[in-house]
Structure formats: C-alpha cells, structure tokens
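Reviewing the structure listed below.
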Amino acid sequence: MKKYVISLEKDSDRRVLFFAQADTQDFIVFSAINTMQASEIELNHQFNLAQFKHHYGRSVTKGEIGCTLSHLAVYQLIVEDLDIAKDEYCLICEDDALFDKNFQKNMEQIICQPYLSDMVLLGQSKIRQFNDIELEINYPTTFQFLQRKLPDSSLTISYPYKNYFAGTVAYLIKKSAAEKFLNILHTHQSIPYWLADDFILFGHQFGLDIKIVRPLMVIENPNINSNLETNRGSISHHFIKKIIKYPLKKVLAVMRNLGK
Numbered sequence: 012m013k014k015y016v017i018s019l020e021k022d023s024d025r026r027v028l029f030f031a032q033a034d035t036q037d038f039i040v041f042s043a044i045n046t047m048q049a050s051e052i053e054l055n056h057q058f059n060l061a062q063f064k065h066h067y068g069r070s071v072t073k074g075e076i077g078c079t080l081s082h083l084a085v086y087q088l089i090v091e092d093l094d095i096a097k098d099e100y101c102l103i104c105e106d107d108a109l110f111d112k113n114f115q116k117n118m119e120q121i122i123c124q125p126y127l128s129d130m131v132l133l134g135q136s137k138i139r140q141f142n143d144i145e146l147e148i149n150y151p152t153t154f155q156f157l158q159r160k161l162p163d164s165s166l167t168i169s170y171p172y173k174n175y176f177a178g179t180v181a182y183l184i185k186k187s188a189a190e191k192f193l194n195i196l197h198t199h200q201s202i203p204y205w206l207a208d209d210f211i212l213f214g215h216q217f218g219l220d221i222k223i224v225r226p227l228m229v230i231e232n233p234n235i236n237s238n239l240e241t242n243r244g245s246i247s248h249h250f251i252k253k254i255i256k257y258p259l260k261k262v263l264a265v266m267r268n269l270g271k
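Remember, this note's numbering sits 11 above the position in the sequence shown when you count from 1.
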C-alpha cells in the first residue's frame, strides 16, 4: 500500500518528528503546495474563491487553499500510478500526525476488511487523546455492540451520526475515490472550491461513502502547531450545550448505521 505524508518544504522539524515514529520509513513525502505568497489573482486561477465564499459563507484562507490543492495533487499521483489497483487503499497523512502505538497492526487489519468504504478516517484534528470523550459527545456513532469490530483489536469501524469536518491528519482513500475527485473537476472543466476535509460535501454531493475508526488511530501531535490554526482559529463550545444535543445525535447515529 502506498503511503504519503504531505509536508511544506520549510517544515523540516515536523518531518523529523514524523519519521521518528515507528513504521514510517516507507512514507513518500509530498511537498505541500505553498500558497502563502500568492496573489489573489494567482490563487483564483487555481481555486474558485467566489464559489468557496458562496458555499461556506466566508472567505477562504491561503493556507486552506494550499491544503486542498496539496491533497488533490496527491490524488493525481495515486490515479496515475499503474501499480495501484482501483479498489486499493492509499494512506494520506499530514506531517503533524501522531500515531497510536498499534497503528501499523490495526491498519493492516483495516485494509483486509471486505466491507469498507471509499474513505476511512483514521484520525481527527483538534482532539487531545485517541479516545477523547469529545469524540463521543460531538461526533457519536452507534452503540459499540452494533459496530464492526476489527479482529484482535479494540477498534471499530462505523458511520458517525453524520459526516463532519474531521481534518485531514490521516485517512485511507481508494484509488477509485481519488478518481472521482479528479473526474468532478475534469467533467465540469472547473477548479476546486472546497475544504480538504469537507466530508459533508464529499458524501452528499460527490457520492462518496465515508466511515470512521473508533478509537482514533491518529491525532495531531500536541507538540506541533497546525499551519492552518492561525488562519482558521479554534471554536470552543459550552460543554452543557454539547450534552443537550448528544441524545439526538446518538439516535441519528444508530439509525444511520442500521440503515447500512
């Protein structure tokens, strides 16, 4: 299986931390597309600024553009690689990925499962622990006894109550799914307008089937600041409001998984 890590050329320290982890020696480094010095005119040739604003209700940041373009460029590499089969998964990570100690073993189990989807989200941004309570409260899935459990592992694979913005710290994508992204652009002779982690759009409009892993296999390294953080900012919500919404989310998660 091909593995890619997306990293800005300037971020050598981040790559040192990434490759200091076990089972990373076979990752291919993709030099991330740096858009920070590009003018608005230059950016508008590569990314549809107006359509982004119409879709999300705000202006896009330069870092977000670079992130989306970088992931699409990796998809292009996957599609062009004749050694990768259409139904084969590729692993894409960002250089702030921190792997769980059983990451390699569990990933080998995942890719052997026959029931998996177009994309499997192995990690999530802005989460402090692999099994953080925030996962269940904000993004619940069905009851554990109804989830598909990996053999010889505590991990389960299922659908969340709905697709959401989970970040792009680590995920599996089939070659056929990477082709869908590129075909959408080629068919409409357009340029991208979306965030790299808009799994809501990818599921509802692009028709991709997306599952999640619980507990997480990857989180953002807490010793590294996100390159997008200063642009996007962090949104904090009151804990009580989260708890109030939780029961309905749980019901939706159970229904969604039973329906599949």
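Think of the CB as a built atom: it goes at the ideal place given N, C-alpha and C, for glycine as much as any other residue.
Nothing here was measured: the structure is a model prediction, and the numbers come from that model.
To the nearest angstrom, report how far apart residue i and residue j are at their CA atoms.
| i | j | result |
| --- | --- | --- |
| Trp-205 | Ile-255 | 31 Å |
| Asn-142 | Gln-158 | 16 Å |
| Arg-69 | Phe-63 | 8 Å |
| Ile-39 | Glu-91 | 15 Å |
| Leu-80 | Ser-42 | 11 Å |
| Ile-251 | Phe-210 | 26 Å |
| Asn-242 | Asn-55 | Caution applies to Asn-242, whose pLDDT of 48 falls short of 50 and renders its modelled position unreliable; the value that the coordinates give is listed next. If you take the alpha carbons of Asn-242 and Asn-55, they lie about 18 Å apart. |
| Tyr-67 | Leu-196 | 19 Å |
Apart from the five residues just before and just after residue i, which ones in its own chain have a Cβ nearer than 7 Å to its Cβ?
| i | result |
| --- | --- |
| Arg-25 | Ser-18, Asp-106, Asp-107, Ile-235 |
| Leu-83 | Phe-192, Pro-203 |
| Thr-173 | Here residue 173 is Lys; the residue named in the question, Thr, does not match the sequence. Closer than 7 Å at the Cβ level, and outside the excluded window around Lys-173, lie Leu-263. |
What does a CB cutoff of less than 8 Å around residue i pick up in its chain, not counting 5 residues either side in sequence?
| i | result |
| --- | --- |
| His-215 | Asn-174 |
| Ala-188 | Asp-129, Met-130, Leu-219 |
| Asn-59 | Ser-201, Ile-202, Pro-203, Tyr-204 |
| Lys-97 | Lys-185, Lys-186, Ser-187, Glu-190 |
| Met-47 | Lys-73, Gly-74, Gly-77 |
Quick check on the DSSP output: the alpha helix (DSSP H) that includes residue i runs from which residue to which?
| i | result |
| --- | --- |
| Ser-50 | No alpha helix (DSSP H) holds Ser-50; DSSP gives it neither H nor E. |
| Ala-108 | It is not in any alpha helix (DSSP H) - Ala-108 instead sits in the beta strand (DSSP E) that spans 108-110. |
| Tyr-67 | 60-67 |
Which two residues bound the contiguous beta strand (DSSP E) that contains residue i?
| i | result |
| --- | --- |
| Val-229 | 229-231 |
| Val-85 | Not the beta strand (DSSP E): Val-85 falls in the alpha helix (DSSP H), residues 73-91. |
| Leu-183 | 181-185 |
| Ile-17 | 14-18 |
| Ser-42 | 38-42 |
| Leu-28 | Unbroken run through Leu-28 is the alpha helix (DSSP H), 23-30; no beta strand (DSSP E). |
Apart from the five residues on each side of it in sequence, which residues of its chain come closer than 6 Å, Cβ to Cβ, to residue i?
| i | result |
| --- | --- |
| Leu-166 | Asn-117, Val-224 |
| Ser-247 | Reliability fails at Ser-247, whose pLDDT of 47 lies under 50, so the model's placement of it is uncertain and the value that follows must be treated cautiously. If we look at Ser-247 and ignore the five residues flanking it on each side, it has no Cβ neighbours. |
| Lys-261 | Pro-151 |
| Asn-232 | Asp-107, Leu-109 |
| Ser-136 | Gly-178, Val-180, Glu-231 |
| Glu-190 | Val-90 |
Less than 8 Å between the CB atoms is what I'm expecting for residue i and residue j, so what's the real figure, rounded?
| i | j | result |
| --- | --- | --- |
| Phe-114 | Asp-34 | 7 Å |
Whole runs of the beta strand (DSSP E) within the segment 120-176, excluding any shorter than 3 residues: At a cut-off of 3 residues, the continuous stretches assigned as beta strand (DSSP E) that sit fully inside the segment 120-176 are 130-132, 167-169.
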